[in-house]
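Protein chains in written order, with the working numbering: chain A, 1 to 194; chain B, 1001 to 1249.
No residue lacks a Cβ here, since even glycine has one placed at the ideal position from N, Cα and C.
Quick notes on the structure that follows.
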Amino acid sequence: MYTDPHAIYLNLSCLDFLLVELIPMSERVVEVIGERKTSNGNAMPAILIEKDGRIGEEERRGAVFKHVEGLGYRVGQGLVERFSQDRPRFTDVLDVMKFICKDLWHLIFRKQIDNLKTNHRGVYVLTDNSFRLLMRMSTEVGGLDTVTRAQPYLWFPCGVLRGALANLGVQATVVAETTAIPVAVFHIQALRQD
Amino acid sequence: MVSRIYLVALMGRENNPLYVRSFAPETASTSHDPDSTGVSSYDDSSSIGPPSAKVTTSRDTELRYHFLAHISLDVFAARLPQKTSDSDFGLLFVQDGMAMYGWMTNTGVKIVLGFASGEIIGSEIRSIFRAIHFAYISLVCNPFYTMDERRPIHSRKFDINIGRIVNAWNGTTPTHTPAESISRSSAASPQSSSNISATSTVYYSNASNNETIEGVVMSYSGSRSPSPAPSRSADGGITAPTSETVLAS
């Protein structure tokens, strides 16, 4: 593992707080951009604007996803560039996946992925049974409501995965879902075998 | 004695040129003086490697270096199936007096170094590759840098870092004797690259003290080469009466 002699250490909780605050921040950003667009006139397609002039829920959600996922993508690219430098060369996609599950996941979330499944045809399913970002989440209603509201917090790790894979030569689509709260499942569909 | 670095090139994953930079002494000296580059443009197309008295344009050299960097991509592609463990591709090929060495990162970025051929370069080349790779990592991890695979790198910090690495290498390995550097700087241009290499040697050299001092002395003797000219005229002034006395006697 790479060790920087001039490393500056940071409290791990800072990353947690940052990642939690990322989603509300992104929602505000999208809100502001959307208002600016609608006030300018026809920048936004009419279908997506609801009767009261506000942006549609679906569109807003998509814009937040795009924003957060894009941030994660950039982070994933940078992380891989730095932490893959002293590793032996990756021979296939499975090798890349193992690196992400073991080394990269441990770097960001201090634990490895619990389960990696593949059909050997480009589909990989990564399961984290106690995902760090979802560990302390709960709502008053509980159950399905919590799951729905926790969904946006999986978009950033999605982007990280996609960015990491892209920088290692694997173009992929990443979708995440959660069924019960501390469990996060990432579906990766590799588009091109390298 | 090890040969100098003339070319640093970075190629992206899709074999697109990210960064091609020349460190040949010709371009270093002519870049200060636009008039001299305009005069002799297409004089000698075969002199890439060794520093010749002929002045080649920076654009001409740049084109040839792009060409060399692209040749090396084929060698990378040919050797990749056999390479399983290491990043070091060693000597790729020798062409037009340039020895090209290669390095490929896990993210598919290829680093190519062009040396003035002649001497065999040992394992110390790995440290340069590592340093250049580290400079690239620092660039990528800069949040204000937009990573675009299609665009070449435009970064002042990256330029400085690469210049530092290469000058540290070139500075500690003087390929010219002091006599050569005097004749070169007095013949070509007054503000030649020897002045620049002097400061960089003092600053960035991480080699032993002996070599550093040697490098400084060498380049100072080079940069002070105009000083013999006034002293010679002073000598002339002094010798004139003596010759008269010789004549008289």
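What is the DSSP secondary structure of residue i, reduced to helix, strand or coil?
i       : result
B/M957  : For residue 957 of chain B there is no data in the structure shown, the boundaries of chain B being 1001 and 1249.
B/S1123 : coil
B/V1109 : coil
A/E35   : helix
B/S1022 : strand
A/A180  : coil
A/F90   : coil
B/I1153 : coil
B/I1162 : helix
A/V80   : helix
A/L168  : coil
B/E1180 : Because the pLDDT of B/E1180 is 37, which lies under 50, any placement of that residue in the model is unreliable, and the number read from its coordinates should be weighed accordingly. Helix.
B/T1061 : helix
A/K111  : coil
A/L15   : helix
B/S1225 : Note that B/S1225 scores a pLDDT of 36, beneath 50, so its modelled location is shaky and nothing firm can be said.
A/Y9    : coil
A/G159  : helix
A/T3    : coil
A/S130  : coil
By a C-beta neighbour count over all protein chains shown, 10 Å radius and 16 as the cutoff for buried, is residue i buried or exposed?
i       : result
A/V93   : buried
B/G1171 : buried
A/R149  : exposed
B/M1098 : buried
B/G1090 : exposed
A/Y9    : exposed
A/M135  : exposed
B/T1105 : buried
B/P1143 : exposed
A/H67   : buried
A/R132  : buried
A/N11   : exposed
Using 8 angstroms for Cβ pairs, my map puts residue i next to residue j. What's the rounded Cβ distance?
i       : j       : result
A/Q171  : B/M1147 : Actually they are not in contact, since the Cβ atoms of A/Q171 and B/M1147 sit about 15 angstroms apart, beyond 8 angstroms.
B/R1013 : B/E1149 : 6 angstroms
A/Q112  : A/H106  : 6 angstroms
B/S1003 : B/S1117 : 7 angstroms
B/S1155 : B/L1139 : 6 angstroms
A/V147  : A/I181  : 7 angstroms
B/F1129 : B/D1088 : 7 angstroms
B/T1107 : A/R89   : The Cβ separation is near 11 angstroms, so there is no contact.
A/G62   : A/F156  : Incorrect: roughly 16 angstroms between the Cβ atoms, too far for contact.
B/I1162 : B/L1018 : With 8 angstroms as the limit, B/I1162 and B/L1018 do not qualify as a contact, their Cβ atoms being about 12 angstroms apart.
A/A176  : A/L144  : About 17 angstroms; that fails the 8 angstroms criterion.
Tell me the DSSP bridge mates of residue i?
i       : result
A/Y124  : A/T118, A/I188
B/T1010 : Per the sequence presented here, residue 1010 of chain B reads as Leu, with Thr not at that position. DSSP output for B/L1010 lists B/Y1019, B/I1111 as bridge partner(s).
A/T173  : A/Q189
B/Q1095 : B/M1098
B/M1104 : B/K1110
B/A1131 : BP columns for B/A1131 are empty, so no partner.
B/G1090 : B/G1102
B/I1265 : Residue 1265 of chain B is absent from the structure shown; chain B starts at 1001 and stops at 1249.
With a CB to CB cut of under 6 angstroms and the five nearest residues on each side skipped, what residues in its chain are close to residue i?
i       : result
B/A1069 : A1009, V1020, V1112
B/D1035 : Legend: pLDDT at B/D1035 = 39, less than 50; position of this residue unreliable, no value from coordinates given.
A/S84   : none
A/G159  : E69, G72, Y73
Under 8 angstroms Cβ to Cβ from residue i, same chain only, skipping five residues before and after it: list those, please.
i      : result
A/A164 : G76, Q77, L79, V80, I100, L104
A/V123 : H187, I188, Q189, A190
A/R162 : E69, G72, Y73, G76, A172, T173, V174
Output needed for residue i: all residues of its chain with C-beta closer than 7 angstroms, excluding positions within five of it in sequence on either side, in chain order.
i       : result
B/L1092 : S1072, V1075, M1100, Y1101, G1102
B/A1024 : Y1006, T1061
B/Y1136 : L1010, V1109
A/V29   : H67
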